[in-house]
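Residue numbers (our numbering): -13 to 107. Here a beta-carbon is modelled for each residue, glycine too, at the ideal position from N, C-alpha and C. Quick caveat: nothing in here was measured; it's all calculated off a predicted structure. Here the structure is laid out as structure tokens; the discussion comes afterwards.
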Ligand code: AMP
Ligand code: ZN
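Take a look at the structure:
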């Protein structure tokens, strides 16, 4: 998909620090890590967000969870634990509109953050 940052990482137009790659998925280090270990895991297929997924995409997303488990082991996170995050849409904090999961670990992570700014009543 033209002008998609992560599609450009898939094609190699934009470099990344790769952790894992196969025909369907790419895993690379996040450029602005939010934890000692912070990987971004993407399907090579352009799916804009979780909300845009349909049909066979859900099997692909299921396989991406297997890649997450394998990556957590490769990065030494499996025993101490990790967090898997998908941000969807503006309220979810998504900034790159190519479906991805964050894999975070390497330290005890804080509680999940919720509403920023004003509180919803
Ligand atoms: P999100 O906010 O959930 O859409 O996550 C997008 C993530 O992509 C952020 O954590 C960014 O730091 C990360 N990111 C943006 N550009 C790059 C890049 N060129 N290489 C690696 N990670 C990136
Ligand atoms: Zn894309």
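Query: Nearest-angstrom Cβ-Cβ length linking residue 54 and residue 36, presumed shorter than 8 Å; Result: Residue 54 to residue 36, Cβ: 15 Å. No contact.
Query: Distance cut-off 8 Å: residue 61 Cβ against heavy atoms of ligand 1; Result: no
Query: Residue 70 - DSSP class collapsed to helix/strand/coil; Result: strand
Query: Beta carbon of residue 88 nearer than 9 Å to that of residue 70; Result: yes
Query: Per DSSP, the bridge partner or partners of residue 53; Result: Bridge partners of residue 53: none, in fact.
Query: Beta-carbon proximity list for residue -13, same chain, < 6 Å, skipping 5 on both sides; Result: -7 and 32
Query: 8 Å contact criterion, which residue 4 and residue 14 should meet: CB distance rounded; Result: 5 Å
Query: Beta carbon of residue 91 nearer than 9 Å to that of residue 21; Result: yes
Query: Continuous alpha helix (DSSP H) stretch holding residue -4: start and end; Result: -9 to -3
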